[in-house]
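**Student:** Chains as they are written, first to last, in my numbering: chain A, 5 to 138; chain B, -4 to 286.
Here you go, one structure.
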């Protein structure tokens, strides 16, 4: 049975602190994510780290996106259409683990985040719905 | 005649591969994570599957944004490890079973289940970490060569919408029908990988929902039909943005076609950013014809 795409998508905006990689974001971030993919090659990683701005200038990216990459502002990059599976190539280029990179998006220090995970992680209580506050 | 004798579910957390590669599996943080696979390693070594149909998601390695297949099957003779940013993992190439894979592809398509055929690809941690946790030596060293052939089944859970849980289940059923009609006598395992609760992005990162995960694990054996109707929004709200990977467990479960026995369970929090889940299911109808 066909599904109502609008109704399907509408619910995704109701999850606290979460950007779902919808078609809108995928289109917006196409070149950003393809840039991230290019970092799967050692030569490209070396060139990027040697001169980040020059490497970014080779891609069809807005100045805002280029700056967010240089700042490693992952929340901003997600807002601009980045996807975490792709952006992983960027923090791997920085030799950061998933956990250390992910912690930078939470407003916690690396150590605070690590301790939260050791303590069982972030509780879903109050984190499921913005409107419903549950 | 080929038969699916077991279903195995496991997380495929990249840090597990990194710890194996760096020889750090004995550290206190990691020991309980690896210990939970000891039983499975012994069991699978005795069980000696010929082929593993390995359901996983590519993490933007073989597929970038140019092409996004919802379901794809690897029909190659061999798959080499991808460079995910740290250089390729030092694991052996993964041997394929091209003949079985092509058979499954053809059977599924004739069964009205369109699936993308892949003849060349590199595989990332989504596929290699499950092989490690089950086929490594007792001291967690990667073997010189993998002891089984692998048929990779890749599922898009990155770009929305991913397939529904119900559609995943139905693909599992179609794969089971394909295997049933493959003439060679093969002991086949089907693995569903990824999951459990985890969120790798944004201010809500680190979400873990043990209660939901445990209920999901229980239902895999006791009442799996209930799992078919879980909506994407529920996975997202309850298990974090990457918990959606659990739909891939339903391809495995759908392929088991009925009664199963849970032989082993391992659940541990945390493993890096995630809850780790692992199940070994014996297919109790392996020798009976598939409807």
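Even glycine gets a Cβ: it sits at the ideal position worked out from N, Cα and C.
The structure presented is a predicted model; accordingly, all values stated were derived computationally and were not measured.
Exposed or buried, which one is residue -4 of chain B when buried takes at least 16 other CB atoms within 10 Å?
**Tutor:** It is exposed - the Cβ of residue -4 of chain B has fewer than 16 other Cβ atoms within 10 Å.
**Student:** Tell me, to the nearest whole angstrom, how far the beta carbon of residue 109 of chain A is from that of residue 198 of chain B; I am working on the premise that it is less than 8 angstroms.
**Tutor:** So it is a contact: roughly 6 angstroms between Cβ atoms.
**Student:** Taking the alpha-carbon positions, what's the residue 99 of chain A to residue 16 of chain B distance?
**Tutor:** Rounded to whole angstroms, residue 99 of chain A to residue 16 of chain B spans 15 angstroms at the Cα level.
**Student:** Express the C-alpha separation of residue 202 of chain B and residue 264 of chain B in angstroms, rounding to a whole number.
**Tutor:** C-alpha separation (whole angstroms): 11 angstroms.
**Student:** Please state whether the Cβ-Cβ distance between residue 224 of chain B and residue 182 of chain B is less than 8 angstroms.
**Tutor:** Their beta carbons are not under 8 angstroms apart, which means residue 224 of chain B does not touch residue 182 of chain B by this criterion.
**Student:** Which residue's Cα is closest to the Cα of residue 185 of chain B: B:208, B:9, B:171, B:191?
**Tutor:** When each option's Cα is compared against that of residue 185 of chain B, the closest is B:171.
**Student:** Per DSSP, residue 75 of chain B is paired with what?
**Tutor:** Note: residue 75 of chain B sits in a beta bridge opposite B:117.
**Student:** List the residues that DSSP assigns as beta-bridge partners of residue 147 of chain B.
**Tutor:** The partner list for residue 147 of chain B (beta bridge, DSSP) reads B:49.
**Student:** In chain order, which beta strand (DSSP E) runs of at least 3 residues are fully inside the stretch 173 to 241 of chain B?
**Tutor:** Segments of the beta strand (DSSP E) lying fully in the stretch 173 to 241 of chain B: 182 to 188.
**Student:** Just confirm the distance between the C-beta atoms of residue 69 of chain B and residue 146 of chain B, as a whole number of angstroms; I'd bet it's less than 8 angstroms.
**Tutor:** Contact holds; Cβ gap of about 7 angstroms.
**Student:** Does the beta-carbon distance from residue 117 of chain B to residue 76 of chain B come in below 8 angstroms?
**Tutor:** Cβ distance < 8 angstroms, so residue 117 of chain B and residue 76 of chain B count as in contact.
**Student:** Tell me, which residues are paired with residue 110 of chain A by DSSP?
**Tutor:** Note: residue 110 of chain A sits in no beta bridge, so no partner.
**Student:** So for residue 0 of chain B, helix, strand or coil by DSSP?
**Tutor:** Three-state DSSP puts residue 0 of chain B in a strand.
**Student:** With DSSP run on the structure shown, which of helix, strand or coil describes residue 257 of chain B?
**Tutor:** Three-state result, residue 257 of chain B: strand.
**Student:** Any heavy atom of the ligand NAP within a distance shorter than 7 angstroms of the CB on residue 43 of chain B?
**Tutor:** For the structure depicted, the ligand NAP is absent and the ligand set is empty, with no information on it obtainable.
**Student:** Starting from residue 273 of chain B, trace the alpha helix (DSSP H) both ways and give me its first and last residue.
**Tutor:** No alpha helix (DSSP H) contains residue 273 of chain B, which is instead part of the beta strand (DSSP E) from 269 to 278.
**Student:** For residue 120 of chain A, I'd like the list of residues in its chain whose CB is within less than 8 angstroms of its CB, leaving aside the five on either flank, ordered along the chain.
**Tutor:** Here the set comprises 112, 126.
**Student:** Candidates B:142, B:8, B:155, B:278: which alpha carbon is nearest residue 9 of chain A's?
**Tutor:** Checking every option, the nearest Cα to that of residue 9 of chain A belongs to B:155.
**Student:** Quick one: give me the first and last residue of the beta strand (DSSP E) that residue 68 of chain B is part of.
**Tutor:** Unbroken beta strand (DSSP E) run through residue 68 of chain B: 66 to 69.
**Student:** Any Cβ of chain B within less than 8 angstroms of the Cβ of residue 71 of chain A?
**Tutor:** No, because no Cβ of chain B sits closer than 8 angstroms to the Cβ of residue 71 of chain A.
**Student:** Can you pull out the residues from the stretch 184 to 211 of chain B whose beta carbon lies closer than 9 angstroms to at least one beta carbon of chain A?
**Tutor:** Hits within the stretch, in order: 192, 193, 194, 195, 196, 197, 198, 199, 200, 201, 202, 203, 204, 205, 206, 207.
**Student:** In chain order, what residues of the stretch 117 to 135 of chain A put their CB closer than 7 angstroms to some CB of chain B?
**Tutor:** Here the close residues are 117, 120, 121, 122, 124, 125, 126, 128, 131, 132, 133.
**Student:** According to DSSP, is residue 125 of chain B helix, strand or coil?
**Tutor:** DSSP places residue 125 of chain B in helix when its eight states are reduced to three.
**Student:** What does the Cβ neighbour count give for residue 284 of chain B, buried or exposed, with the cut at 16 atoms within 10 Å?
**Tutor:** Low confidence applies here, because residue 284 of chain B scores a pLDDT of 48, under 50, leaving its location unreliable; read the following figure in that light. The residue is exposed, with fewer than 16 neighbouring Cβ atoms inside 10 Å.
**Student:** Would you tell me roughly how many angstroms separate the C-alpha atoms of residue 2 of chain B and residue 66 of chain A, rounded to the nearest one?
**Tutor:** Going from the Cα of residue 2 of chain B to the Cα of residue 66 of chain A covers about 47 angstroms.
**Student:** Spatial neighbours of residue 168 of chain B within its chain, please: CB distance less than 6 angstroms, with the 5 preceding and 5 following residues excluded, ordered by chain position.
**Tutor:** Same-chain partners within the cutoff: 249.
**Student:** Measure from the alpha carbon of residue 67 of chain B to the alpha carbon of each residue in B:58, B:137, B:111, then state which is nearest.
**Tutor:** Residue 67 of chain B has its Cα closest to that of B:111, out of B:58, B:137, B:111.
**Student:** Ignoring anything shorter than 4 residues or poking outside the stretch 22 to 55 of chain A, list the alpha helix (DSSP H) runs there in chain order.
**Tutor:** 27 to 32, 34 to 42, 46 to 54, all fully within the stretch 22 to 55 of chain A.
**Student:** Below 8 angstroms CB to CB, which residues in the same chain sit around residue 44 of chain B once its five sequence neighbours on both sides are set aside?
**Tutor:** Closer than 8 angstroms at Cβ, skipping near neighbours: 0, 1, 143, 182, 183, 184.
**Student:** Given a threshold of 16 other Cβ atoms within 10 Å of its Cβ, counted over all protein chains shown, does residue 7 of chain B qualify as buried or as exposed?
**Tutor:** It counts as buried.
**Student:** One question on the structure: do residue 55 of chain B and residue 153 of chain B come within less than 8 angstroms of each other, judged by their Cβ atoms?
**Tutor:** Yes; because the gap between Cβ atoms is below 8 angstroms, this pair is in contact.
**Student:** In this structure, how does DSSP classify residue 122 of chain A when only helix, strand and coil are distinguished?
**Tutor:** In the structure shown, residue 122 of chain A sits in a helix (DSSP, three-state: H, G or I).
**Student:** Got a sec, what are the start and stop residues for the alpha helix (DSSP H) residue 17 of chain B sits in?
**Tutor:** First-last for residue 17 of chain B: undefined, no H or E at that position.
**Student:** Please identify, using Cβ separations under 9 angstroms, the residues of the stretch 119 to 133 of chain B that lie next to chain C, in order along the chain.
**Tutor:** You won't find chain C in this structure, because its protein chains are A and B.
**Student:** Rounded C-beta distance between residue 81 of chain A and residue 36 of chain A? I'm assuming under 8 angstroms.
**Tutor:** Contact holds; Cβ gap of about 7 angstroms.
**Student:** Taking 8 angstroms as the CB-CB cut-off, is residue 20 of chain A touching chain B?
**Tutor:** With 8 angstroms as the cut-off, residue 20 of chain A counts as an interface residue toward chain B.
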